[in-house]
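Inspection log for the structure reproduced underneath, given as structure tokens.
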């Protein structure tokens, strides 16, 4: 049984499946699909969508636990947004899904530009892909929460992309200060003021809290299993015999994000046990 449809305005339409179901993706122009092998023999279908006009890249895949992960890279504003749609655990009284959005500054350089992705051609769409390089795990602590409707100055796509994360859109204070400094010289840009520090005192980790109604510090891990992290160049000779360099492929990587953030109830973080 399917839980419904999620329709995104950037060219990818996908069903939200229950665990063990199959994700269906409708392909549009400038979309690239990779089939990935993971530990244990599972095959993951990952979709990479590039919009050169908006200078964005969207990467999307479904984890084995049913979580739908979508990563938006806005190169113009140098903003990366990772959105996770986490299915509720019915056996634990959760009959709804929750959407999380994590906003990061200056993290788009790890991905090749939208123009390069739009020119990728799949010679063998059915081939199973394995990343060439593991870029390890990077930890980020989020101590601010904001409404997506207030994030238009960070990225004009943020309000729509995180529309279902009204109370679960997170960012780091150091990024926020950096954005303020960048825009201070432009009087036409007003930064949003609706920001909340989660809690005045640091609560315990969620994995050590028994009461589901108590605040705690949640940990959320996301591995991006495959993405184009660099361009490969080869050398050849032109008609006059002059040596020239040209693009001849892509380098692929995987990386893991470790996110830490506060929640007001452990029930919002039952996976962290």
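In the numbering used here, the protein residues as written are 49 to 321. Virtual Cβ for every residue (Gly too), placed ideally from N, Cα, C. Please read all numbers here as calculations on a predicted model, not as lab measurements.
Point to revise | Selection from 282, 288, 191, 311 that minimises the alpha carbon distance to residue 259 | key: Among 282, 288, 191, 311, the Cα nearest to that of residue 259 belongs to 311.
Point to revise | Inter-residue CB distance, residue 276 and residue 264 (contact presumed, cutoff 8 Å) | key: 37 Å between Cβ atoms; not a contact.
Practice item. Tell whether a beta-carbon distance below 8 Å holds between residue 130 and residue 150. Key: Taking a C-beta distance under 8 Å as the contact criterion, residue 130 and residue 150 qualify as a contact pair.
Exercise for review: Could you check the C-alpha separation between residue 292 and residue 161 for me, to the nearest Å?
Suggested key: Using only the alpha carbons, I get a separation of about 22 Å.
Point to revise | Sufficient close CB pairs (3 or more, under 8 Å) joining the stretch 184 to 197 to the stretch 96 to 113 | key: Taking a cut-off of 8 Å on C-beta distances, the stretch 184 to 197 does not touch the stretch 96 to 113, as fewer than three cross pairs fall below it.
Practice item. Mind reading off the beta-carbon distance from residue 294 to residue 278? Whole number of angstroms is fine, and I expect it under 8 Å. Key: Not confirmed; about 15 Å, so no contact.
Exercise for review: Using 10 angstroms around the beta-carbon of residue 254, count the other beta-carbons present and answer buried if the total reaches 16, otherwise exposed.
Suggested key: The residue is buried, with at least 16 neighbouring Cβ atoms inside 10 Å.
Exercise for review: Can you give me the Cβ contacts of residue 306 inside the same chain, cut-off strictly under 6 Å, excluding the 5 residues immediately before and after it?
Suggested key: 185, 187, 269.
**Study point:** Residue from 271, 169, 182 with nearest C-alpha to residue 118
**Key:** If we check each option's Cα against that of residue 118, 271 comes out closest.
Exercise for review: Return the chain-ordered list of same chain residues with a C-beta closer than 6 Å to the C-beta of residue 303, the five sequence neighbours on each side being excluded.
Suggested key: The answer, listed in chain order, is 183, 272.
Exercise for review: Please determine, among 125, 164, 154, 198, the residue with the shortest C-alpha to C-alpha distance to residue 98.
Suggested key: Just measuring C-alpha positions, the residue of 125, 164, 154, 198 sitting nearest residue 98 is 164.
**Study point:** Whole-angstrom distance between residue 146 and residue 213, CA atom to CA atom
**Key:** For residue 213 and residue 146, the distance between alpha carbons rounds to 8 Å.
**Study point:** Rounded separation between residue 189 and residue 170 - CA only
**Key:** Distance between the alpha carbons of residue 189 and residue 170 is about 37 Å.
**Study point:** residue 318 versus residue 261: straight-line alpha-carbon distance, rounded
**Key:** The alpha-carbon separation between residue 318 and residue 261 amounts to approximately 11 Å.
Practice item. Could you have a look at residue 95 and say whether DSSP puts it in helix, strand or coil? Key: Three-state DSSP puts residue 95 in a strand.
Practice item. Just the C-alpha distance for residue 166 and residue 100, rounded to the nearest angstrom, thanks. Key: Cα to Cα, residue 166 sits roughly 7 Å from residue 100.
Check your understanding: If you count every other CB in all the chains shown that lies within 10 Å of the CB of residue 218, and 16 or more means buried, which is it?
Key -> Buried, by the Cβ-count rule.
Check your understanding: Using the C-alpha atoms, what's the distance from residue 175 back to residue 148?
Key -> Rounded to whole angstroms, residue 148 to residue 175 spans 32 Å at the Cα level.
**Study point:** Buried or exposed by the 16-neighbour rule on C-beta atoms within 10 Å, applied to residue 266
**Key:** The residue is buried, with at least 16 neighbouring Cβ atoms inside 10 Å.
Review point. Does DSSP put residue 258 in a helix, a strand or coil?
Key: The answer is coil: DSSP assigns residue 258 none of H, G, I, E or B.
Point to revise | Beta bridge counterpart(s) of residue 276 as assigned by DSSP | key: 300.
Review point. Name the DSSP beta bridge partners of residue 250, please?
Key: Paired residue(s): none; residue 250 is not in a bridge.
Practice item. In the DSSP assignment, find the beta strand (DSSP E) that holds residue 116 and state where it starts and stops. Key: Residues 116 to 122.
Review point. Is DSSP giving residue 186 helix, strand or coil here?
Key: Three-state DSSP puts residue 186 in a strand.
**Study point:** Reduced DSSP secondary structure (H/G/I, E/B, other) of residue 162
**Key:** When DSSP states are grouped into helix, strand and coil, residue 162 belongs to the helix group.
Exercise for review: Look at the alpha carbon of residue 209 and the alpha carbon of residue 282, and state the distance between them as a whole number of angstroms.
Suggested key: Each residue's alpha carbon lies about 38 Å from the other.
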